[in-house]
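Each residue of the sequence shown is one higher than the one before, starting from 1 at the first, in the working numbering.
Here is the structure we will look at, set down as structure tokens.
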Amino acid sequence: MRPHVNQRRTRVLELVRARGTVRVRDLARELGVSPVTLRRDIEAMAARGEIRRMHGGIGRVEPGRPAASAAGTAAGPGGGQPAGPAACLRVGMVVPTADHYYTDVVRGAREAVEARGARLTVGLTRYLTGEDRTQADRLLSTGAHGLLLTPNWETGSPGAGEGAWTAELPVPAVLVERWAPPGHPAADLDRVASDHAHGAAGAVRHLAGLGHRRIALAGRDTPATARLRAGYEAAVAALGLEPAPPWPPAGPGGPLSEAGLFARTLDYLCGAVTTGGVTAALVHSDTDAIMLLPRLQARGVRVPEDLTVIAYDDEVAGLAGVPLSAVAPPKHEVGRRAADLLLDRLTTAGPQTGPRQHVGLLPRLTIRT
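Here it is as structure tokens:
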């Protein structure tokens, strides 16, 4: 065998032993070789029992594992699925919805779970009070070995006395696009989330670089809003910008309807531009931003001449009549990383060992002109 082949296979073995499991495409990119070349190495190494072949990846051989399983020849529970540490595992995922924001989150989790031969089952809460725990209990009753949880926490983190049950589950759990403050029981859980504060700050920094001195943040409240506002306010202070007019307080009569929330955003931006000196805004979300464009125009506020807009989410911002620059949270990667973290907890370190992880993934700003 040629020396460089020996060196490459030695490196493959080192990475698999260090990480537990590795995707073939990621490993090929890291080693700088083609997937075809790497698969030849994998076939040879699996035949010698040095690694385990898995669907889309490879894994290290656990002590005492039979040679057939180590070589990846035993069948998993799905008939064609490979055997391995994750092959018999069931992962439950509780999300508010499988639409819009969470489409990519769920897709990322599913791809990660299936790549390791496990099975994903999803429970939807539709933002109903108390439905988080109902769906989690249902998934546990059907044999879930671990849970990916996106609870219905309105501000992205639990209120007083809320959510303690997530830390009392009988199986490992990972929070997905949610976080808990220090001291809360759920703060000890693993979690993976988009760093919305960083995303908002990056948008403000870009707008300030274009010369804007008074920048607004506008949009309806979502679980991401508190983090968006924290990053926005921190950037405004750090860059020495002038404060925008304050967001209007909620009026009497209870929560506003969807139409009422949208009208409040429109009124705020029109006033901020015409009397408040605002020349740029970060608008959450991009669907609202697109709907605002013709309405702002009808009220005499031109985009981008009078108001430069950056949208947050970047699902459809590039399809607007005036294509909008936008911040994109890494939704797919959040789902993938959360699922991998949970499966690593179940198969590598064990449920109760190894340091917990709070992973924040940085959004990406795309500039469109």
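Cβ atoms here follow ideal geometry from the backbone N, Cα and C, with glycine treated the same way.
As the structure is a prediction and not an experimental result, all values here were calculated from the model.
CB of residue i within 9 Å of CB of residue j, strictly
i    : j    : result
I310 : A208 : no
V327 : G199 : yes
G57  : V91  : no
L217 : H284 : yes
A98  : V61  : no
V5   : L38  : no
G161 : P151 : no
A193 : V334 : yes
Q357 : D190 : yes
R214 : V316 : no
V36  : V95  : no
A167 : P182 : no
P330 : D313 : no
Extent of the continuous beta strand (DSSP E) to which residue i belongs
i    : result
L31  : Taken as a continuous stretch (DSSP letters only), L31 belongs to no beta strand (DSSP E), being part of the alpha helix (DSSP H) at 24-31.
T166 : No beta strand (DSSP E) holds T166; DSSP gives it neither H nor E.
G371 : This structure does not reach residue 371, given that the chain is present from 1 up to 369, and the question cannot be answered.
I42  : Looking at the DSSP string, I42 is not in any beta strand (DSSP E); the run it does join, the alpha helix (DSSP H), is 35-47.
V174 : 173-176
V301 : No beta strand (DSSP E) contains V301, which DSSP labels as neither H nor E.
L148 : 146-149
P311 : In the sequence as displayed, the identity of residue 311 is Ala instead of Pro. Residues 308-312.
Helix, strand or coil at residue i [DSSP, three-state]
i    : result
G277 : coil
H358 : strand
E50  : coil
Y127 : coil
D190 : strand
I367 : coil
E242 : strand
L431 : Look at the range of the chain in this structure, 1 to 369, and you will see that residue 431 is not part of it.
T21  : strand
P66  : With a pLDDT of 41 at P66, under the threshold of 50, the predicted position of this residue should be treated as unreliable, and no value is reported.
D184 : Asp is not the amino acid found at residue 184; the sequence shown has His there. Here H184 sits in coil by DSSP.
V12  : helix
G59  : strand
L120 : strand
A272 : helix
A218 : strand
H212 : coil
V283 : strand
V5   : helix
T265 : helix
Delimiting residues of the alpha helix (DSSP H) encompassing residue i
i    : result
L89  : Unbroken run through L89: none, as it is neither H nor E.
G159 : Per DSSP, G159 belongs to no alpha helix (DSSP H) and is neither H nor E.
G231 : 225-238
L341 : 331-347
V327 : It is not in any alpha helix (DSSP H) - V327 instead sits in the beta strand (DSSP E) that spans 325-328.
A115 : 101-115
Contact with chain C by residue i, beta-carbon distance below 9 Å
i    : result
E131 : Given the protein chain composition of this structure (a single chain), no chain C is represented.
Closer than 8 Å: residue i CB and nearest the ligand ATP heavy atom
i    : result
R264 : As far as ligands go, the structure on display features none, and thus does not contain the ligand ATP.
Nearest-angstrom beta carbon gap, residue j and residue i [assumed within contact, 8 Å]
i    : j    : result
V33  : R8   : 7 Å
G211 : P245 : That belief does not hold up - the Cβ atoms of G211 and P245 are roughly 20 Å apart, past 8 Å.
G360 : D195 : 4 Å
L343 : R116 : 6 Å
R133 : W165 : 6 Å
L269 : A281 : 6 Å
T155 : A226 : 5 Å
P249 : R264 : With 8 Å as the limit, P249 and R264 do not qualify as a contact, their Cβ atoms being about 10 Å apart.
- Task: Pair every Cβ in the stretch 356-368 with every Cβ in the stretch 231-241, then say whether three or more of these pairs are closer than 8 Å.
- Result: no
Using 8 Å as the cut-off, can you tell me whether the stretch 317-325 makes contact with the stretch 213-222, which would need three or more C-beta pairs spanning the two stretches below that distance? no
Validate contact between the stretch 105-119 and the stretch 333-347 using beta carbons, cut 8 Å, 3 pairs
yes
Touching by the beta-carbon criterion (3+ pairs, under 8 Å), the stretch 296-310 and the stretch 238-246: no
> Three or more beta-carbon pairs under 8 Å between the stretch 166-175 and the stretch 137-155, yes or no?
Replying inline: yes
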